[in-house]
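Trainee: Protein chains in written order, with this note's numbering: chain A, 47 to 273; chain B, 47 to 273.
Protein chains: 2
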Amino acid sequence: MTNKLNLNNLTKSEEDYLKALFQLLIEDNSVKVGNNQLAEYLKVSPASTNNMIKKLKSKNYVVSEKYGKLELTEEGKSIAVRLIRKHRLWETFLCNYLNFSWDEVHEVAEQLEHIKSYKLIDELDRFMDFPTKDPHGEVIPNADGEYSILPKITLSSLEEGAVCQLISVNDASVTFLKYVSEIGLALSSEIKVQEVREFDGSIKIQFNNIQETVTRKFADNVFVKVI
Amino acid sequence: MTNKLNLNNLTKSEEDYLKALFQLLIEDNSVKVGNNQLAEYLKVSPASTNNMIKKLKSKNYVVSEKYGKLELTEEGKSIAVRLIRKHRLWETFLCNYLNFSWDEVHEVAEQLEHIKSYKLIDELDRFMDFPTKDPHGEVIPNADGEYSILPKITLSSLEEGAVCQLISVNDASVTFLKYVSEIGLALSSEIKVQEVREFDGSIKIQFNNIQETVTRKFADNVFVKVI
DNA sequence: TAAATAAGTTAGGCATGACTAACAAATTAA
DNA sequence: TTAATTTGTTAGTCATGCCTAACTTATTTA
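1. Please name the residue, chosen from Leu70/B, His160/B, Glu159/B, Glu137/B, that lies closest to Ile149/B on a Cα-to-Cα basis.
2. Mind checking which residues open and close the beta strand (DSSP E) that includes Thr259/A?
3. How about the region 124 to 144 of chain B and the region 178 to 192 of chain B: do they share at least three Cβ pairs that are nearer than 8 Å?
4. Name the chain B residues that come within less than 8 Å of Phe173/A, Cβ to Cβ?
5. Going by the beta-carbon positions, is the gap between Ile161/A and Gln252/B smaller than 7 Å?
6. So, is the C-beta of Leu166/A closer than 7 Å to a C-beta in chain B?
7. Would the beta-carbon of Ser202/A fall within 7 Å of that of Asp266/A?
8. Between the region 207 to 223 of chain B and the region 165 to 178 of chain B, do three or more beta carbon pairs fall short of 8 Å?
9. Can you round the beta-carbon distance between Tyr107/B and Glu121/B to whole angstroms, since I take them to be within the 8 Å contact cut?
10. Helix, strand or coil: how does DSSP classify Thr138/B here?
11. Chain B beta carbons: is any one of them nearer than 7 Å to that of Ile161/A?
12. I'd like the list of long-range same chain contacts for Thr48/A, defined as Cβ closer than 6 Å, with 5 residues on each side in sequence excluded.
13. Work out the CA separation of Glu205/B and Tyr275/A for me, nearest whole Å.
14. Cβ of Leu84/B within 6 Å of any heavy atom in the ligand COA?
15. If the cut is a Cβ gap below 8 Å, which residues of chain A does Leu223/B touch?
16. Can you list, in chain order, the residues of the region 57 to 71 of chain B whose Cβ is nearer than 8 Å to any Cβ on chain A?
17. Please report the distance separating the alpha-carbon of Ser76/A from that of Leu70/B.
18. At 9 Å on the CB atoms, spell out the chain B contacts of Pro154/A, in chain order.
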């Protein structure tokens with residue numbers, strides 16, 4: 047178990063970098079995450095990333111060799127997981143209690159996840175009776191930072207004829223989320239891959255008696271469980 | 047009615063200064079608020095305040111002449127009121143739904159009031175069924191920024207023999223709030239001023255068959271209605 | 001009313017976290 | 001195996017918002 051007592055005097059930026067790194071490294075299970083990749087993910091310049099990584103290394107949250115790949119220390123991971131927990135609990139609250147829709151919660155949760163108070167988030171958790179998944183289907187880490195990282199199978203990775211169930215979607219793009227709900231997809235929807243077109247990677251799918259053709263980019267953001 | 051469409055691109059600091067100025071000017075009904083007074087209230091140096099006031103003047107939130115008293119424009123007031131609304135709604139939420147006590151809410155609400163989302167705060171308001179007072183007895187402005195500023199009579203301003211009812215307390219000090227609840231005072235408590243001591247301004251009060259002697263400083267932070 | 005005090009302002013500095021431009025190292029391809 | 005490309009680093013700049021020290025203007029009060 048990692049240190050629970052540190053009062054987390056990190057800046058908003060430091061937190062953003064650690065969370066981004068965690069999502070690239072652990073959630074996306076990348077073999078190598080480099081400086082430029084992190085910069086692109088965060089939409090800042092490589093120079094800014096380089097600076098911040100130096101700082102995070104000096105604080106022992108990040109480890110890397112010069113010109114080498116970036117890695118998180120246990121401490122770094124622990125901070126990132128707590129941020130993810132906060133983000134997902136707030137998203138759940140916004141959706142389930144404050145009438146926010148799927149696609150409206152991300153931006154506000156990005157702000158709320160930086161509020162510093164252990165009591166706040168643990169009480170919010172209790173208030174909602176300890177939810178285990180957020181509105182996008184993502185697992186919410188518990189107060190001890192434990193959670194299962196489900197292997198993320200994208201819809202785009204399936205072959206023709208496969209039948210699957212929608213378990214989560216990438217929440218980072220409002221337009222994507224709007225599109226998902228517009229065509230009628232929802233968590234747990236059963237999807238059949240009818241045709242995969244070599245030419246542009248687009249996929250013809252069927253669900254609830256609806257047929258749709260979606261792009262490769264779309265299918266990359268839809269995570270499924272094969273059934 | 048003031049402009050509702052501005053998307054409020056103010057920094058946290060700018061918001062803090064506007065809110066502080068509002069509380070000194072309007073809520074405390076001060077005849078004159080100067081640079082140093084504002085600096086002291088915010089616990090920053092007069093030089094910092096001077097800088098920020100320049101910036102807020104250039105943005106038309108503040109008006110003042112060189113070496114003159116500070117004043118808020120309508121726009122400035124409107125922003126401050128919205129911050130106060132957010133602060134008090136969050137305090138109410140923390141107390142009534144998340145098991146926070148009187149003295150724990152202020153610090154977290156100071157963070158939450160800077161979250162930028164009209165929907166968030168209006169939905170929170172609706173969720174709690176439009177409360178009109180926060181846990182410390184302060185009036186919560188409505189979504190249009192309207193609210194009554196009750197004349198604040200401090201316990202310290204009363205004379206011997208006066209009987210009054212506690213309507214609100216200054217929420218800025220944790221130690222003060224702890225003390226208030228420890229001695230058994232609560233909102234609506236009926237208080238009788240038994241003795242005012244010239245020497246040090248301390249006051250002997252009686253409430254719920256309890257007798258207590260409180261300091262002048264304490265009595266300055268307790269707001270009452272004479273009955 | 002002149003000196004003392006209080007209040008307000010300016011100048012210059014520092015930390016954070018962005019940026020661009022220039023350069024160095026590593027990787028990939030010809 | 002060298003050249004091209006990608007990736008990473010460094011140097012220098014800028015805005016924000018804080019600071020101290022020095023200075024100016026206003027207000028008191030002796």
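Quick reminder that beta carbons are idealized off the backbone N, C-alpha and C, glycines included.
Mentor: Looking at the coordinates:
1. Looking up residue 149/B in the second sequence gives position 103. Residue 149/B is actually Asp in this sequence, not Ile. Nearest option by C-alpha distance: Glu137/B.
2. Translated into positions along the first sequence, residue 259/A becomes position 213. 256 to 260 is the span of the beta strand (DSSP E), which, as asked, contains Thr259/A.
3. yes
4. Here residue 173/A refers to the residue found at position 127 when the first sequence is read from its first residue. Per Cβ cutoff of 8 Å: Tyr143, Leu144.
5. Position 115 of the first sequence, counted from the first residue, corresponds to residue 161/A. Position 206 of the second sequence, counted from the first residue, corresponds to residue 252/B. Cβ atoms of Ile161/A and Gln252/B: not closer than 7 Å.
6. Position 120 of the first sequence, counted from the start, is the residue given in the question as residue 166/A. So, interface residue.
7. Taking the first sequence and counting its residues from 1, one reaches residue 202/A at position 156. Taking the first sequence and counting its residues from 1, one reaches residue 266/A at position 220. Going by C-beta atoms, Ser202/A is nearer than 7 Å to Asp266/A.
8. no
9. Taking the first residue of the second sequence as 1, we reach residue 107/B at position 61. Taking the first residue of the second sequence as 1, we reach residue 121/B at position 75. Sure, about 6 Å apart at Cβ, within 8 Å.
10. Translated into the one-based positions of the second sequence, residue 138/B becomes position 92. Correct three-state label for Thr138/B: helix.
11. As a position in the first sequence, residue 161/A is number 115, starting the count at 1. So, interface residue.
12. In the first sequence, counting from the first residue as 1, residue 48/A sits at position 2. Note that Thr48/A scores 38 on pLDDT, short of 50, meaning its location in the model is unreliable; the coordinates nonetheless yield the value given after this. Correct list, in chain order: Glu120, Ser124.
13. In the structure as shown, chain A starts at 47 and stops at 273, and residue 275/A therefore has no counterpart that could be examined.
14. The ligand COA is not part of this structure, which contains no ligands at all.
15. Counting from 1 along the second sequence, the entry for residue 223/B is found at position 177. Neighbours of Leu223/B on chain A: none; closest Cβ ~16 Å, over 8 Å.
16. none
17. If you number the first sequence from 1, residue 76/A lands on position 30. If you number the second sequence from 1, residue 70/B lands on position 24. Their Cα atoms are separated by approximately 54 Å.
18. What you label residue 154/A is simply residue 108 of the first sequence in a count that begins at 1. It is Val, not Pro, that sits at residue 154/A in the sequence shown. Under the 9 Å cutoff, chain B gives Ile161, Lys162, Ser163, Lys165, Leu166.
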